[in-house]
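For the sequence shown, the tail end lands on 1052 under my numbering, and the numbers increase by one without skipping.
I have placed the structure first, in the form of structure tokens, so that the comments after it can refer back to it.
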Amino acid sequence: MPAKTPVNDTPVIEMRGITKRFLDNVANDQIDFTLRAGEICALLGENGAGKTTLMNILFGYYSFDEGSIAIRGEEVALASPKDAIANGIGMIHQHFTLVPTQTVLENIVIGTKDEKRFFLNLKGAHKKLLDIQEQFGLHVDPDARVWTLSIGQQQKVEILKALYRNSSVLIMDEPTAVLAPQETVDLFKTLRVLAEQGRSVIFISHKLHEVMEISDRVVVLRNGRVVNQKRTADTDVKELANMMVGREVLERIERKAVEPGEPVLEISDLTVLNDKGLEAVKKFSLTVRRGEILGIAGVSGNGQTELCEVLFGVRNVETGTVRIGGEPLRLGHPLSSVRSGLARIPEDRIYMGLLMDMTVEDNLQLENHWTERFAKNGLRRFDEIAANSQTLITDYSIKTDGKDAPAKSLSGGNLQKVILARELSSEPEVVLASQPTRGLDVGATEYIRQRMVEEKVRGAGVVLVSDDLDEVMGLSDRIIVMYEGEIMGEVVGSGADREQIGLWMTGVGS
Ligand SMILES: Nc1ncnc2c1ncn2[C@@H]1O[C@H](COP(=O)(O)OP(=O)(O)OP(=O)(O)O)[C@@H](O)[C@H]1O
Ligand SMILES: [Mg+2]
């Protein structure tokens, strides 16, 4: 699709000299940022570079220490998101803010001036919503309760909510991180319609191919400063990666052949229900050996999440057994999963893997504080603990004020790294990694992929669940495809045929 030229020259948004400090940490350092009507601008940068902070400022969510913001040429004071919304700015956070028990329509109308008249004017609100849906190709049943919707549909509701408020600028913080490939295609169609109408989009993503596809312009942040900006047409993925990281980034990870050993994870006849009480995993059996990476491909929502949750010990099973290292796993007990030697890298890391009010060190220690290395005769070995925290912070390049900083002060990607560091450093028997590189910048992604290969070489059995087919194909020794809770097909990783896998993913058998 050709890049669109801006429809007029007055910037919609002009942020000048924005500086934001958190204590001594300068999250945004004299940032100038301009956005024009009809423009899709990608905001790039490593984890902790300051992207979310800058957008939270534009959305009136954070105050700032220096600088000014002008909207359509007029200087504004944005004291809260309410002010930003009144100025036509909408933000779609990575974690949605919808009320699950309410309907789509209710969620959209809440907080607008139509709300008071809502029950009187249900028909009017309904009609307005349908008009917007038609215009942008965003189809979601207005009467559906939000909890019954997929993540992709919920995101549509968030976008509809912003459009219902007549937002002319849409901020999207890593919108595609939670989407399946087809949902991303749909989102991009919507964004193009928005831009054609002269609305503007700020798009944050670590997926550089997407940035190349959808944006007109890129702005790159590093350590809180703008280090470069370019028209997208004048750059490429490689250059973008280099600008962000400040060095060359590897494209491919060496697969490393290892002779697989004995079975270390044995799943037999597992049947699991989802939240709606339907069978999400159906009589599922799988064996993973030491020294192999088993990739699970599939469109999300085909039972992968429920399968992982069972192994993590946070979802009950209907039937079936699991063995780790030959020992039966006590199902439904998270601690049993941890103690059996399972490294748990859940998809939803913020809710499942972290205690946000505790320190980085506490979070790094969460699952191994009783081990001999960190506790002797009932006493915690503080030297050892501190040294370990420091090593992990360095090895995983976790950007933080230090091991004693609260987890909630970390950026999204750095939170992910805390979990990955904790789990991969426990010398596990089995690594179960669901979307392990989601939300990570290019450098961290490269590092995590290497670590997974190292785990396999060390002799762990690694299970990689990922929506990213390139990631699955690039790392796995063996690939299975899940469709509607069953294994649709299996191939050897090195000889994997992308087209065949794609067909299996959509339920077409061989
Ligand atoms: N509420 C806060 N308190 C203290 N420090 C914070 C807070 N929010 C952000 N920071 C710090 O500001 C810096 C920038 O964080 P920000 O969330 O903007 O990064 P980001 O570019 O969005 O990264 P990511 O790609 O990981 O989401 C980080 O060093 C982070 O630790
Ligand atoms: Mg962020």
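Backbone N, C-alpha and C fix where the C-beta goes; we use that ideal spot for every residue, glycine too.
Query                                                                                                   : Result
Sub-8 Å separation of F564 and S951 beta-carbons                                                        : yes
Residue burial classification, H875 (beta-carbon count within 10 angstroms, cutoff 16)                  : exposed
Counted within 10 angstroms of its Cβ, other Cβ atoms place W1046 as buried (16 or more) or exposed     : buried
beta-carbon D776 near ligand 2 non-hydrogen atom, thresh 7 Å                                            : no
Cutoff 7 Å; reference R865; Cβ partners in own chain excluding five residues on either side             : E808 and L871
Endpoints, the alpha helix (DSSP H) within which P805 is located                                        : Where P805 is concerned, there is no enclosing alpha helix (DSSP H), although the beta strand (DSSP E) it sits in stretches over P805 to L815.
For A986, three-class secondary structure by DSSP                                                       : helix
Short Cβ contact (8 Å threshold) for A975 with L934                                                     : no
Contact between the segment 581-589 and the segment 641-648 (3+ Cβ pairs under 8 Å)                     : no
Classification of D607 by the beta-carbon crowding that lies within 10 angstroms, buried from 16 upward : exposed
K593 beta carbon near ligand 1 (any heavy atom closer than 7 Å)                                         : yes
Any chain D beta carbon closer than 8 Å to L782                                                         : Absent from the structure: chain D. Only one protein chain is present.
Contacting residues, own chain, Cβ-Cβ under 7 Å from S842 (five flanking each side not counted)         : A722 and D1009
Euclidean distance between Cα positions of E969 and V1004                                               : 12 Å
Which residues DSSP lists as bridging P623, in chain order                                              : DSSP, once it has assigned bridges, lists no residue as partnering P623.
Assigned exposure category for E790 - 16 Cβ within 10 Å defines buried                                  : exposed
Beta-carbon proximity of I746 to Y706, cut-off 8 Å                                                      : no
Where the beta strand (DSSP E) through V825 begins and ends                                             : According to the sequence shown, residue 825 is Lys rather than Val. K825 -> beta strand (DSSP E) spans E821 to R831.
Through-space distance from V880 to F854, alpha-carbon basis                                            : 8 Å
Sequence ranges, beta strand (DSSP E) only - wholly within the segment 708-747, length at least 3       : 711-715 and 742-746
Bridge partner(s) assigned by DSSP for A612                                                             : E556 and E617
D551 burial status per 10 Å Cβ neighbour count (16 or more: buried)                                     : exposed
Contact check, N567 vs D946, beta carbons under 8 Å                                                     : no
Cβ shell of R922 (< 8 Å), same chain only, five flanking positions each side left out                   : H911 and F916
L952 CB to nearest heavy atom of ligand 1 below 7 Å                                                     : yes
Residues bridged to R578 (per DSSP)                                                                     : Bridge partners of R578: none, in fact.
Endpoints, the alpha helix (DSSP H) within which S976 is located                                        : Premise fails: S976 lies in the beta strand (DSSP E), V972 to S976, not in any alpha helix (DSSP H).
Any non-hydrogen atom of ligand 2 within 7 Å of D715 CB                                                 : yes
V720 burial status per 10 Å Cβ neighbour count (16 or more: buried)                                     : buried
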